[in-house]
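Visitor: Under our numbering, the residue at position 6 of the sequence shown is numbered -10, and the numbers go up by one with no gaps.
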Amino acid sequence: MSVAQKTSYKKITTHVLQEMKLKGEKIAMLTAYDFSMARIIDNAGIDVILVGDSAANVMAGYETTLPITLNEMIYHATSVVRGVQRALVVVDMPFGTYQGNSKEALSSAIRIMKESGADAVKMEGGAEILESINRILCAGIPVMGHLGLTPQSIHKFGTYVVRAQQEEEAQKLIEDAQLLEKAGCFSIVLEKIPAKLGGDVASKIRIPVIGIGAGSKVDGQVLVLHDMLGITQEFSPRFLRRYHNLFEEIKGSVQNYITDIKRLDFPNDREQY
Ligand code: KIV
-15 MSVAQKTSYK KITTHVLQEM KLKGEKIAML TAYDFSMARI IDNAGIDVIL VGDSAANVMA
45 GYETTLPITL NEMIYHATSV VRGVQRALVV VDMPFGTYQG NSKEALSSAI RIMKESGADA
105 VKMEGGAEIL ESINRILCAG IPVMGHLGLT PQSIHKFGTY VVRAQQEEEA QKLIEDAQLL
165 EKAGCFSIVL EKIPAKLGGD VASKIRIPVI GIGAGSKVDG QVLVLHDMLG ITQEFSPRFL
225 RRYHNLFEEI KGSVQNYITD IKRLDFPNDR EQY
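1) From Val64 to Leu207, what distance separates their C-alpha atoms?
2) Comparing alpha-carbon positions, which option in Ala102, His228, Phe223, Leu114 lies nearest Tyr17?
3) For Asn41, count neighbouring C-beta atoms within 10 Å of its own C-beta (all shown protein chains included) and say buried if the count is 16 or more, exposed if not.
4) Quick one: grab the DSSP three-state call for Glu165.
5) Looking at the structure shown, is Ala123 part of a helix, part of a strand, or coil, going by DSSP?
6) Tell whether a beta-carbon distance below 7 angstroms holds between Ser38 and Thr15.
7) In this structure, what does DSSP give as the bridge partners for Lys106?
8) Grouping DSSP H, G and I as helix and E and B as strand, with all else coil, what is Thr15?
9) For the ligand KIV, which residues have a Cβ under 7 angstroms from at least one heavy atom, in chain order?
10) Are the region 140 to 155 and the region 172 to 184 touching, with three or more C-beta to C-beta distances below 8 angstroms?
11) Is it true that the CB of Met128 sits closer than 7 angstroms to the CB of Val74?
12) Determine the contact status of Phe170 and Thr(-2), defining contact as a CB-CB distance below 7 angstroms.
13) In whole angstroms, give me the CA-to-CA distance for Asp160 and Gly109.
14) Kindly give me the distance between the Cβ atoms of Val32 and Met13, rounded to whole angstroms, as I take these residues to be in contact under 8 angstroms.
15) Taking the alpha-carbon of Leu131 as reference, which of Cys122, Glu112, Gly124 has the nearest alpha-carbon?
16) Determine the direct distance from the alpha carbon of Phe223 to that of Ile196, and round the result to whole angstroms.
17) Taking buried to mean at least 16 other C-beta atoms within 10 Å of its own C-beta, is Gln205 buried or exposed?
18) Assuming Leu213 contacts Tyr227 (C-beta within less than 8 angstroms), just tell me the rounded distance between them.
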């Protein structure tokens, strides 16, 4: 399907995403963490907005995604939801709120849905967290899975290199994807895996597969907004396409503002009462 033939949906739901996969229409997803950015990208026509726990990195400045709390994620999600009319809003369940105990997982997911008004939650992992996924799904909360590179497990893996390059790990990933589909997840994110494996998973399961560094044969793509806009500078994986250099743009504007104040040019006569 060409871009010109693209169907225009008024409101994106999990069912619409399924329909898009069936029609071969690629799904565009980005992260957002606040009202203003969410409003811009929703207005631009993004299909899915992920309130990612990457907020820990790009909003709070932590090295990993582990420190962000449930309250902080709910704060970001609530701000995003206020800015969105069309996109499906998915919220990352933060580290430590779903892995150990499925009842705690359910109450974390319920808090996210009730307090933020988001549409779905996302959880990292496969078979290991199946009990939590099942319990959340039983409560009628849509779940997006996340396999491959799972940043909440960085201390287990010790590195951010491409995952599932060996047969055994690739096989486990395929089985986990099938398990998540069978459980009732509406979609799966695949992060930083070989392109061929991404395509294989997308063709083996019926739910949409959204890739970040998972090649072009998956059903959609996701990037971290701050990376694709060039607000972050130090992070340059091969899968990242930068559409802007906002770091330099913002810095230049701020430098002009400082200069204008120092040389008594701002405010001028028309800019005061
Ligand atoms: O937290 C996040 O931004 C994510 C994306 C990288 C998929 O999980």
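All C-beta atoms in this analysis are idealised placements derived from N, C-alpha and C, irrespective of residue type, glycine included.
Guide: So, from the data block:
1) Their backbone Cα atoms lie some 17 angstroms apart in a straight line.
2) Looking at the Cα atoms, Ala102 is the closest of the given residues.
3) Asn41 comes out buried.
4) In the structure shown, the three-state DSSP call for Glu165 is helix.
5) Reduced to three states, the DSSP call for Ala123 is coil.
6) Contact flag set, yes.
7) DSSP, once it has assigned bridges, lists Asp76, Met128 as partnering Lys106.
8) Three-state DSSP puts Thr15 in a strand.
9) Any residue whose Cβ sits closer than 7 angstroms to a heavy atom of the ligand KIV makes the list: Thr15, Leu34, Gly36, Asp37, Ser38, Thr49, Asp76, Lys106, His130, Pro135, Val173, Glu175, Ile196, Val206, Val208.
10) Short answer: they touch.
11) Yes, the pair counts as a contact, with Cβ atoms nearer than the cut-off.
12) Yes, the pair counts as a contact, with Cβ atoms nearer than the cut-off.
13) Whole-angstrom Cα-Cα distance: 8 angstroms.
14) Yes, they are in contact, since the Cβ atoms of Val32 and Met13 sit about 4 angstroms apart, within 8 angstroms.
15) That would be Glu112, whose Cα lies nearest to the Cα of Leu131.
16) For Ile196 and Phe223, the distance between alpha carbons rounds to 7 angstroms.
17) Gln205 comes out buried.
18) At roughly 7 angstroms, the Cβ-Cβ gap stays under 8 angstroms, so Leu213 and Tyr227 are in contact.
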